[in-house]
Structure formats: C-alpha cells, structure tokens
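Colleague:
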Amino acid sequence: MFNIFRKRQCILVISVSISAIFVCVFYFHTYANSIIDPGLKVASIYGRDITQAEVNHLAENYSLAVMLGLYDFLETLGGSGPVVDEWAALNEFVLNQLVMQHESKALAVTVLDRQIAQAIAKCPLFRQRGGFSVAKYREFIQKRLAIRGLNGRLLENLFRDSLQAARVRQIVSGSVAISDQEVLRAFRAYQKEDLQIIKFNLSKYAAQAHVTVDQMWKLYTKELGNLRTPETRSVRYVVFKMSEEKRLPRDKARISTLQDAADRAATFIETLAGGKVSFEKAAEQASVPINLLPPFSDGFSDSKVFKELKRELPGLVYVTSRLTKEHPYSDALEGIDKDRFYVLELLSVQPSRPLTFEEARPRLQEILCVRAASRMLHEEGRAVAASIAKQLQEGKSFKEAAALEGVKPQKILGVTPFSRVSPEHSLYAEVALLLSPGEISALQKSDDGGAYTVFLTRREAIRPTEFTKRKTKLKAQLLKVKQTLLFLEWMRSAREAANVRTTS
162 MFNIFRKRQC ILVISVSISA IFVCVFYFHT YANSIIDPGL KVASIYGRDI
212 TQAEVNHLAE NYSLAVMLGL YDFLETLGGS GPVVDEWAAL NEFVLNQLVM
262 QHESKALAVT VLDRQIAQAI AKCPLFRQRG GFSVAKYREF IQKRLAIRGL
312 NGRLLENLFR DSLQAARVRQ IVSGSVAISD QEVLRAFRAY QKEDLQIIKF
362 NLSKYAAQAH VTVDQMWKLY TKELGNLRTP ETRSVRYVVF KMSEEKRLPR
412 DKARISTLQD AADRAATFIE TLAGGKVSFE KAAEQASVPI NLLPPFSDGF
462 SDSKVFKELK RELPGLVYVT SRLTKEHPYS DALEGIDKDR FYVLELLSVQ
512 PSRPLTFEEA RPRLQEILCV RAASRMLHEE GRAVAASIAK QLQEGKSFKE
562 AAALEGVKPQ KILGVTPFSR VSPEHSLYAE VALLLSPGEI SALQKSDDGG
612 AYTVFLTRRE AIRPTEFTKR KTKLKAQLLK VKQTLLFLEW MRSAREAANV
662 RTTS
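Residue numbers for the sequence shown follow our numbering, so the first one is 162 and each next one is one higher.
(1) Can you tell me which of the three DSSP states D233 falls into?
(2) Can you tell me the Cα-Cα spacing of S464 and P455, whole angstroms?
(3) With C-beta atoms as the reference, is G542 less than 7 Å away from A622?
(4) Please report how far the alpha carbon of A250 lies from the alpha carbon of A226, in whole angstroms.
(5) Check whether the stretch 594-605 touches the stretch 654-663, taking contact to mean three or more Cβ pairs, one atom from each stretch, closer than 8 Å.
(6) Would you kindly report the start and end of the unbroken beta strand (DSSP E) that includes I358?
(7) Going by the beta-carbon positions, is the gap between G610 and L363 smaller than 7 Å?
(8) Less than 7 Å between the beta carbons of N222 and L238, yes or no?
(9) Is it the case that the Cβ atoms of A521 and L388 are separated by a distance below 7 Å?
(10) Take every Cβ of the stretch 266-279, pair it with every Cβ of the stretch 322-331, and state whether three or more of those distances are shorter than 8 Å.
(11) Considering only C-alpha positions, which residue in the set I339, A427, F461 is nearest to Q644?
(12) Measuring straight from C-alpha to C-alpha, what distance separates E294 and G230?
(13) Give me the Cα-Cα distance between P475 and L419, rounded to the nearest whole angstrom.
(14) Would the stretch 354-371 count as touching the stretch 566-583 if we require 3 or more Cβ pairs under 8 Å?
(15) Quick one: what does DSSP say D421 is sitting in, helix, strand or coil?
(16) Among T663, K636, F648, R662, which residue has its Cα nearest to the Cα of A347?
(17) CB S509 to CB S439, shorter than 7 Å?
(18) Answer yes or no: do R397 and I451 have a C-beta to C-beta separation smaller than 7 Å?
(19) Our contact map puts E354 next to S458 with C-beta atoms below 8 Å; I'd like the distance itself, whole angstroms only.
(20) Buried or exposed: which applies to H586, given that a residue is buried once 16 or more other Cβ atoms fall within 10 Å of its Cβ?
(21) Determine the extent of the beta strand (DSSP E) in which K557 is found, giving its start and end residues.
(22) Anyone know if the C-beta pair for R501 and V400 falls short of 7 Å?
(23) If I'm right that I505 touches L484 with Cβ under 8 Å, what's the distance once you round it to whole angstroms?
(24) Smallest Cα separation from S482: which of V642, E469, P512, K499?
(25) Could you work out which residue in E384, A267, V260, R425 is closest to M403 when comparing CA atoms only?
(26) In terms of alpha-carbon separation, which member of K641, T663, S654 lies closest to S336?
(27) With a floor of 4 residues, list each alpha helix (DSSP H) that falls wholly inside the stretch 278-305, ordered by position along the chain.
(28) May I have a chain-ordered list of the alpha helix (DSSP H) segments no shorter than 4 residues that lie completely inside the stretch 308-383?
(29) Exposed or buried, I549, counting other C-beta atoms within 10 Å across all chains shown (16 or more means buried)?
(30) Would you say the beta carbon of D492 is closer than 6 Å to some non-hydrogen atom of the ligand PLP?
(31) How big is the Cα-Cα spacing for T577 and F616?
(32) In chain order, what residues of the same chain have a beta carbon less than 8 Å from the beta carbon of L380, not counting five sequence neighbours either side?
(33) Out of curiosity, what's the CA-to-CA distance linking Q213 and E469?
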C-alpha cells in the first residue's frame, strides 16, 4: 500500500498545463487591471471562450478564499499544497473552478440558500463570543470587498462554489472503502524489523573502470555544445560604512550615522550617473578606497575576499550578472549587517567559449569513468542479489549465501520505516515492507551513486493491543489518501475533457 502511494505521489499534486500566455495575461490583471481589455478572449474551455473579465473574477475568488480560510476548498481546486509558488496555485485554482462549475451542473449538484447562510455563519472570521457576528460580517464587506469594487454577492457565490466542490468530491470518492487486510498490511510501518544490508560502493568500481582516448573523443564530439568554459567577471567596489564607535548602539546617533553613510553612497552614484567622472575620480572625491574583487565564475571563487563579500552581500552574484559595459555601476547595496553600503563597478567580462579537447579531457574521463563504474556495479549487484535469492530457495541460510558471494552484510536491528532516528535506516526498512522474513529485495539505487539490497531477517509480531489502538486512526488515514487519489484521478480526466485552449 505504502509503495503504491509513493510511486503515485506525483498524482497528489494537481498539475495543470496552461501556456505562459494565459498565465501572463490573467496575472497581469493584478497589476494593471485598467490596461487590459476586460472583453479580451484569453482562453477557451469546453468550447466556450473565456474573457479577461471572467478570469479576473475567478482570481478574486482565490484571494478571497485565502482571507476566509477556506482551505479545504483551496486544496480541492489545487490552490494550496506542494506547488512552486502562489502564482502557480492561483493558476490551478482559476482553471479548476471552471472545471468544477461545469461538473457540478453535470452531476446536478445544487446548494440551497440556507446552506450558504449556515456556512457563512460558521466561518471563524465572522464569529464572536461563540456566535455569528453581523457587525463583523458587514465590516468585512465594507473594508475588504467594497474598497475593491466588490460586494456581498461575491462572498455568497464563493461559499456556494465551496459547498458544491465539497459535494462533488464526496460523490466521486464516496464509494471508496478500506478493508481490514489493507490496514493490517499498512500496520507493517509500525513493526520493528531486523535487516541485513549488502552495499555496493561506486568508488570500488570506479578504480576498476578503464576509459580510452577514443571513448573520450566520441563523447567530446557529442557533447561539444555543453563543454564550455564558464563566463568570468571582474568587479571592483567601494564601501560607505558607519564609524566603528556608533555601530552597536540602537539610538538616534546610530540612525543618523547610518543615514549619513546612505547619503554619501547616493551622492557617489549621482556623480557616476553624469558619465563625466570615472569610478576612480568619484572614489577620490568621496574619500573612500577602491577594493578589487578577484575574477569569479558562476558565482564561485576560491578567493577569501570573494567569499567574505558574498556573505556580506547575498545578492552579489545576481547584481554582478546584471551589470553590462553600457551600465557598469550598481545601485547602493546595503550589507547584511545593516551598517554599510556597497557600490560595484564591472571591470570586464570574459565570455564563455568551447573547451578544447585537452581542457575537457579530465571532465570527459570522469564522466566515462562514472558511467562504466555504475554499469559494472549494477551488473554485479543484480547478479549477487539473484544468486542469493536462488540459494535461499534451495535451503541455504542468508549467511551461507552471502559468504559464497564474497559479500559482508551490515546488520540493522529494530528499525521501522518511519523512524526519525536514521533516515537511511528507515529507507531500508521501507524497502523491506513488501518482503516476508527470509526474502531479499531487488537491487536498489542509493543517493551516492551506489546501490544496495535488503534482506529481511525478522519482523516483529503484531501486538493485538497495539494494533487495536492504532487501527481506527490508520484506517481513517488510508481512507483519506485513497479518496484523494481517486478524486485527483477524476479531476485529471475532467480537465482533459475540458479541452483547454489558450489564445495568443
């Protein structure tokens, strides 16, 4: 059961493929509502055109649902959970509203006015002293909606959509059930296991790998476009900082001194902006020394000066990447310690270029060596695991089979799949969930490039009292996961049937 969930965990995130055009058009409403034509057609769904005005309305529902704490509604429509950012959540929420509205009609789901009133009355935002507060409800409409040109009708419609979505989800996933056998299998996650692990380390096989010049040349010609030197940048900078004696106190004198440093940095930038004074001359006029930063590539350098400045200016790499020959000066950048300001000047940029074969040779050899080592490791690992499995079937003990294969297992006792003591040991225990005592797993890849196989020596017997104690809660958890999987699969099919088309 748990392996099924793990393999299908990607389904748990509602992923909607909407082109960048649709995303940009409806997000642009947030910043320039008065510029975009509300009648502009931005997409079509179920063969019906969707205008900018309709998208704006649906986007308003998202922000309103967040304010009201309608988290179940947001989760149902993909507006919360493990998404990249709030824009992605809004994107999914807008499209899924249209799909849900269509499906609600198809399933003849209706919501009565009294049900809407009851839902509003239960909203924590409108409650006071254990009951519904009309005053708080009106205050919300006046202060949160009216100033945005909205009214209470939008609030009522949002609660209607929320109740409809909940009912649709209930209809779709209501037939799901969890058997006692499924609960029993899932209970394995709480049972302690004694394991023996056979590890295959990549370094051992890397030492045996042999790479020829012909292999390196073949890879070089194939990957020439990716084998390039990094772009190298050189910059210098000046610092406007507070005096040492006024750096610690949090009084008016410190604020005044900090403002003085900011003003001097601003004056320095204004001097450069005229284009008639060089960086050196401006620094001389400001009585600040110029500091040279050693060349660096891709935001990395072994220079101590670079590392210290990068710590002081976390945005150093980004800022320097934006400087050009035409615009070589940065703005005044405040240090992380809030006691100084930096101004940078771009000195030079060494463009990226293709590596020669000799320059790329060490990297090519490393890549091919790792590939060859990985191939040997997995061939031998699979052979060892298969041989031990066969010997176990023939009646040999695991100790005897491992000795014949020349491997030394690592014993791990009393571990559970969800133990927080050791993530590595918990991973081994999770692999063993589908094993019966006396069985060995297939070869598994490890994060360090190696591999391993797991032998289950013993699994703790189920204690009836412990099982009874956890059964109800575990069954409810499994039911919720299973219902969620079914609903999201239904939602995916519904989105496909919606036939979304974007308008350029």
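Beta carbons: idealized from backbone N, C-alpha and C, even for Gly.
Modeller: So, from the listed chains and residues:
(1) As a first step, residue 233 must be located in the sequence shown, where it is residue number 72. Looking at D233 - three-state DSSP - the assignment turns out to be helix.
(2) Taking the first residue of the sequence shown as 1, we reach residue 464 at position 303. Taking the first residue of the sequence shown as 1, we reach residue 455 at position 294. S464 and P455: Cα-Cα distance of roughly 7 Å.
(3) Here residue 542 refers to the residue found at position 381 of the sequence shown. Here residue 622 refers to the residue found at position 461 of the sequence shown. No, these two residues do not count as a Cβ contact at 7 Å.
(4) Walking along the sequence shown from the start, residue 250 turns up at place 89. Walking along the sequence shown from the start, residue 226 turns up at place 65. Approximately 12 Å, taken between the alpha carbons.
(5) no
(6) For this step, residue 358 is matched to residue 197 along the sequence shown. Note, I358: beta strand (DSSP E), 354-361.
(7) Here residue 610 corresponds to residue number 449 of the sequence shown, with the count starting at 1. Here residue 363 corresponds to residue number 202 of the sequence shown, with the count starting at 1. A contact, by the Cβ cut-off of 7 Å.
(8) The residue given as residue 222 occupies position 61 in the sequence shown. The residue given as residue 238 occupies position 77 in the sequence shown. Not closer than 7 Å, so no.
(9) By 1-based counting over the sequence shown, the position of residue 521 is 360. By 1-based counting over the sequence shown, the position of residue 388 is 227. A contact, by the Cβ cut-off of 7 Å.
(10) yes
(11) Here the question's residue 644 lines up with position 483 in the sequence shown. Of the candidates I339, A427, F461, the one whose C-alpha sits nearest the C-alpha of Q644 is I339.
(12) Working through the sequence shown from its first residue, we reach residue 294 at position 133. Working through the sequence shown from its first residue, we reach residue 230 at position 69. The question names Glu, yet the displayed sequence has Ser at residue 294. Spanning the two alpha carbons is a distance of roughly 17 Å.
(13) On the sequence shown, residue 475 is found 314 positions in, with the first residue counted as 1. On the sequence shown, residue 419 is found 258 positions in, with the first residue counted as 1. Whole-angstrom Cα-Cα distance: 20 Å.
(14) yes
(15) To locate residue 421, count along the sequence shown from 1; it is residue 260. Note: D421 maps to helix in three-state DSSP.
(16) Indexing the sequence shown from 1 puts residue 347 at position 186. Closest by alpha carbon: K636.
(17) To locate residue 509, count along the sequence shown from 1; it is residue 348. To locate residue 439, count along the sequence shown from 1; it is residue 278. Cβ distance not < 7 Å, so S509 and S439 don't count as in contact.
(18) For this step, residue 397 is matched to residue 236 along the sequence shown. For this step, residue 451 is matched to residue 290 along the sequence shown. In this structure, I451 lies closer than 7 Å to R397 by Cβ.
(19) Within the sequence shown, the letter at position 193 stands for residue 354. Within the sequence shown, the letter at position 297 stands for residue 458. Contact doesn't hold; Cβ gap of about 48 Å is too wide.
(20) Locating residue 586 in the sequence shown gives position 425, where the first residue counts as 1. H586 comes out buried.
(21) Mapped onto the sequence shown, residue 557 falls at position 396. No beta strand (DSSP E) holds K557; DSSP gives it neither H nor E.
(22) As a first step, residue 501 is located in the sequence shown; it is residue number 340 there, counting from the start. As a first step, residue 400 is located in the sequence shown; it is residue number 239 there, counting from the start. Yes, the Cβ-Cβ distance between R501 and V400 is below 7 Å.
(23) Reading the sequence shown from its first residue, position 344 is the one you call residue 505. Reading the sequence shown from its first residue, position 323 is the one you call residue 484. One detail in the question is off: residue 505 reads as Leu in this sequence, not Ile. About 7 Å separates the two Cβ atoms, so the contact holds.
(24) Residue 482 sits at position 321 when you count from the first residue of the sequence shown. Looking at the Cα atoms, P512 is the closest of the given residues.
(25) Locating residue 403 in the sequence shown gives position 242, where the first residue counts as 1. Ranking the options by Cα distance to M403, first place goes to R425.
(26) Along the sequence shown, one-based indexing puts residue 336 at 175. If we check each option's Cα against that of S336, K641 comes out closest.
(27) 295-301
(28) 313-334, 341-347, 363-367, 374-383
(29) In the sequence shown, residue 549 corresponds to position 388, counting from 1. Answer is buried; the Cβ neighbour count reaches 16.
(30) The model depicted lacks the ligand PLP and carries no ligand whatsoever.
(31) Mapped onto the sequence shown, residue 577 falls at position 416. Mapped onto the sequence shown, residue 616 falls at position 455. In a straight line, the C-alpha of T577 is about 14 Å away from that of F616.
(32) Along the sequence shown, read from residue 1 onward, the residue named residue 380 stands at position 219. L525, I528, L529, listed in sequence order.
(33) On the sequence shown, position 52 is the one that residue 213 refers to. On the sequence shown, position 308 is the one that residue 469 refers to. Each residue's alpha carbon lies about 49 Å from the other.
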